[in-house]
Structure formats: C-alpha cells, structure tokens
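Peer 1:
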Amino acid sequence: MLGSMMMRPLKIADILTFAAEVHPTAEIVSVRTEGDVHRTTYAETAKRVAQLAHGLEKQGAKMGDRIATLAWNGYRHFELYYAISGIGAVCHTINPRLSAEQMTYIVTHANDTMLFVDTTFVPIVDGLRSQWPEGLKVVVMTDRAHMPEGDYLCYEELLEGQPETHDWPDFPEETAAGLCYTSGTTGNPKGTLYTHRSTVLHAMMVGLSLPAALQPGKRILPVVPLFHVNAWGLPYSAPLTGASLIFPGAALDGPSLFKLMEQERVFSAWGVPTVWLGLQGEIEAQGRVPEGFGDVVIGGSAAPASMITYFESHGVNVCHAWGMTEMSPVGTQGNLPDHLDDLPVDERVAIKSKQGRRVFGVELKIVDEDGNRLPHDGVAAGELYVRGNTITSGYFQNDDANAEAFDNEGWFGTGDVATIDRHGYLNITDRAKDLIKSGGEWISSLDLENTVMAHPKVANCAVIAVPHEKWDERPLLVVVPSPEGRPEVAELMALLEEHFAKWQLPDDVVFADALPLTATGKVSKLTLRKTYADHRLPD
Ligand code: ADP
C-alpha cells in the first residue's frame, strides 16, 4: 500500500528561497578579482540570482543547456550556481588548472552554450576559443568598468534592469543541475551529472553530519574551489543551515588566508592538506591561530597525522573527510562522537588519521579481487564500493567508462583500497586507480606514459606517485631506454610540455633496465612505488 503524502520535487532554488526568508542576514563575503572585499546577504543574493536568471533567459538559455563557469570562489560564481539550475539548465564548473587539451575536450564534450569567466581567466579563453563550439557566448564576470577588449558580454549588464523575483519553474527532481568532470585513469576526463534531487539530499546529509560548522551564525571558508565538486557542497549546505560563506577569491597562500580568516572571524575552513600546510606556516610565523578559528575540514587527500596533531594541539578541531566527485562528494566524515571527545591528543589523532565514518545515505563495502565482500574488522583491505542517492549512476555520455565503473550489484567502484573497522571507521590504505594526486588535483599517469612511449628511444616507461611534503604526491617518470640509446631528459620533457599543464609534468626522470611485473604481466606500480618511496625529488 502506498502512503498518501505530498510529493514535491526537490529543487535547488528552494534552498536559496528558504535562506533568504529564514536566514536573510547571513552573509556571503568575497575577495574579488577587482581587488576589494564584497559583502552581501542571502536575501540580497536571492534578488540578484533572480535577475541573473532573467538575464540568462534573455540570452536564450533554456532547460538542459550546459552553461559553463571558469572562476574562483566568489559571490558571482555562487549566483550562477543558483540562477543556472533554477531555470533548469546545467551549471558546468570547469577546473582552470587543466591543460588546454583537457579543457577543450571538456567544453566540446559538454557542448556548452555559454561560458562565464573571471577576468583572471580571460587569457585562457582568448587562447582556446577558436577550438571551442561555435556560437559559445562568453560572459566576463565583472562590471562594465573592468571589461576586457573583445567579443564578450558583461556579467553586471546581464542583471541590469531585470526583475528581482523569479517564478522558479517546477520540473522533475531528477532534472540535471550540475556537471563536473574528473580525471579519467585512461584518456579523457569523465563527467558527473548531478540532479536537483542528489544536490538537495547531499546538502541535507552534510548539514546533518557536520552540525558544528553548519549552523546559523557560523562562518565558513571554502578554500576548496567551486570548480571542485561544488566546493564539497558548501554553496548548498551553508544557506540551507544558515551558515555564512567567506569566499577567498584567488589568494590561497598562508598569509592571505590567515588575514582573511581573522578579519572575517572564520570558524570553519574547508580544503585539501596542501592549503593547510601554507596556513600552518603563517600560524607558526604569527605564533597564534586566527581569532575565532575552531574547526578545519580536511579532505581530497589523506590528512597527515602531523597536520592533525598540529591543529588539534592548537585547539582547532580536525574533521578528516573522504569523498569523490562521483559522490557529490562527501562519503565519510571524521568528527569524533561525544564519548571520545576527551581522549588524549595522540589517541584522537590515531582515530582522526582514518577517514571517518559514513554519512547517512552512503553505504560502503570492501571486496576482494573476485568481488566477495570482506569483513569490517579493520584488517581486511579491499577495493571500496559505494551506493546511495548522492552517487553517480553513470558518467555523462561515456559508455566506455560506465562499463567499468559499476559491479554486478550496481555499486560504484571508487578505485580506493580501504579497511573498515568494527566501529565503521574507514581507512584508505592504497589506490587501485592509476592516478597521482598533487595538491588536490589529479594527474593521469597513463596519459603521461602514453605520450612518453611515443619517443623512439623509450622501450617502456611508468609514471608513479612519490610522496611529497607540500603537494602530497608528485609524479616520477621511470624510463627503460630502447636499444637506440638513452633519451635526453630535456627531450622527454619537451614532448610532455606539448600536451600537459606545467604542474602535471614529472618532477624527475630515472632510468631502469626493466620494469617489475605483476603475476599477470602488468607493470607493478606497487613495486615501483616501494622502490622509489624514498626517492629525493629535485626542489
Ligand atoms: P575531491 O574533490 O574530494 O578531491 P576527487 O573526485 O577529485 O574529489 O577525488 C576523490 C579521490 O581523492 C578519492 O577517491 C581518493 O582517492 C582521494 N581522497 C579524497 N579524500 C581523501 C582522504 N581523506 N584520504 C585519502 N584519499 C582521499
């Protein structure tokens, strides 16, 4: 028998409408590319979002259109999240750190109709626009006074004179709302297409799971970019719960973050370990933490025990979280339950070095090579699979990737290797996917290898991750020379530079007579990683 309750579609626009009504004075503060600090509220933002939505419609934007952004964390980017999804179009956030090739692939694959760009990234657009879909309208996210020369629309002019309310349409909650590409292990990036339903559910799940930060009056700094899985969902969970957002713009170094955090009394700051290393340096230099700083959410890569110890011993609670683009992204969070809160620091750190426990709505399983479930005993390690309403059911228009992504029970394979203990704490122990994560950004080892293999003096090669203090991991290229002789390192680098962004290039090249193989004859990256674990990369 079916129940008889109303069924209203979950809709992203309702979050901001709610925030404008119930948390009208909660703030959005942004360090702008124009150089100043901009302040607004959820109530004011709701009006501008309505204006922007009308402006988009005037430009011909319609349901299902992919509308891209290439921008830092700031209020205009936030407005785009709501205006685009509000009219039923898809907000496609592009990572500006990608190589020209990857970016062109993404814009073309998504078939974007409009692109909103911060002034900082206009040169990227200038350089690539001729290779992008014809008719792509480019809007620069600034006012008339700061507009560059060229064939661009002006963001503030789109809003000018438009009504400050919008009758947000209803559509099925499965309607696509956001699109975010993540690195493929082989070849091209893969898109996760979020729905209104998954986004609203995720906002509620995260709000419930991290109540210390996500509540009225709390001020949150998303250092994690809006182009990285929707800044871990903060543009949705913050307004939903009444927390304020402090957007740092482009300056993400330790001193800039410290200053902003103190000025704006940031309580909770979210980002990857590399960013917090910079902040740690500034805390050391000043001999104190920024006033009001009480909570840091660390994810994207494993939080080192030393970092957890540092913050915890300075009175800052560490929440070590794990997730993925394909999971909206939050899967687990590491805040301790109340009864463990008084443990001595070293015991807290031991637990917090694990990636935490699942949030409601995300199921976890670990399996052996044959897909058999492994016990949650904290010892058995296996590949981690996930299931839930905020997890992708298939990459955007990518049948090849989808064929490999799910097991026969329909669970999504994360490519991470983990243990889960009897209390539910997840511990990521290794990575099955052939990727390197540097400063929170992916580098595909296979893509680098394929390019290097084209050199006539290379018989075989492998790219592996080597631990790095600042960037977490950096790529090392291991080359087996062909009988023609040893290639020059400079030649190999020149070859790679044609296809990759500078930060994606290997830090070093070493030569070997042969590569170690697994039982099935594949190159054993595990053996190589062990062999070169202590390799000193040049500074
Ligand atoms: P994110 O924006 O969260 O970094 P990605 O999709 O780019 O999302 O990366 C997800 C992957 O990053 C995970 O599958 C895992 O390999 C790695 N990762 C994320 N968080 C952690 C963590 N806390 N510890 C270890 N690895 C992590």
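The sequence shown: position 81 = 81 (the numbering used here), numbered continuously. Where is the CB? At the ideal position from N, CA and C, for every residue including glycine.
(1) Which value, in whole angstroms, describes the spacing of the CA atoms of T45 and G242?
(2) Say yes only if the C-beta of A418 is nearer than 6 Å to one or more non-hydrogen atoms of ligand 1, and no if none qualify.
(3) The alpha helix (DSSP H) with F227 in it runs from where to where?
(4) Do you know whose CA, among Q333, N73, F311, lies nearest G356's CA?
(5) I want to check one thing, is the minimum distance from the CB of S301 to the heavy atoms of ligand 1 below 6 Å?
(6) Please determine whether the Cβ atom of M324 lies at a distance below 6 Å from any heavy atom of ligand 1.
(7) Run through the stretch 45-76 for me and flag every whole beta strand (DSSP E) of 3 or more residues, listed as ranges in chain order.
(8) Is the stretch 275-282 touching the stretch 295-313 in the sense that three or more CB pairs, one from each, lie closer than 8 Å?
(9) Quick one: Cα of E79 to Cα of D14, how far?
(10) Considering Cα atoms alone, identify which of G315, V345, P96, G60 is closest to T69.
(11) On the DSSP bridge assignment, give the partners of P481 in chain order.
(12) Taking the alpha helix (DSSP H) that N402 belongs to, which residues open and close that run?
(13) What residues match up with N427 in a beta bridge as DSSP calls it?
(14) Is it buried or exposed, N372, if we count other Cβ atoms within 10 angstroms and call 16 or more buried?
(15) Rounded to a whole number of angstroms, what is the C-alpha to C-alpha distance between G254 and V289?
(16) How about V384 and I464: do their beta carbons lie closer than 7 Å?
(17) Thinking T165 and I12 are a contact (beta carbons under 8 Å), I'd like their distance in whole angstroms, please.
(18) Given this structure, state the Cα-to-Cα distance separating E174 from R197, to the nearest angstrom.
(19) On the DSSP letters alone, give me the boundaries of the beta strand (DSSP E) that I540 sits inside.
(20) From K437 to Y181, what does the alpha carbon distance come to, in whole angstroms?
(21) Taking its Cβ as the centre, do 16 or more other Cβ atoms sit within 10 Å of S4, making it buried, or is it exposed?
(22) What residue range is occupied by the uninterrupted beta strand (DSSP E) comprising G191?
(23) So, using beta-carbon positions, are R474 and L526 closer together than 7 Å?
(24) For ligand 1, I want to know if T106 counts as a neighbour, meaning its beta carbon is within less than 6 Å of at least one of the ligand's heavy atoms.
Peer 2: Taking the definition as stated:
(1) 14 Å
(2) no
(3) Careful: F227 lies outside any alpha helix (DSSP H) and carries neither H nor E.
(4) Q333
(5) yes
(6) yes
(7) 66-70
(8) yes
(9) 14 Å
(10) P96
(11) V458
(12) 399-405
(13) T419
(14) exposed
(15) 12 Å
(16) Inspection of the sequence shows that residue 384 is occupied by Leu rather than by Val. Their beta carbons are not under 7 Å apart, which means L384 does not touch I464 by this criterion.
(17) Not confirmed; about 17 Å, so no contact.
(18) 6 Å
(19) Residue 540 is absent from the model: the chain starts at 1 and stops at 539.
(20) 15 Å
(21) exposed
(22) 190-195
(23) no
(24) Residue identity check: residue 106 is Ile in the sequence provided, not Thr. The answer is no for I106.
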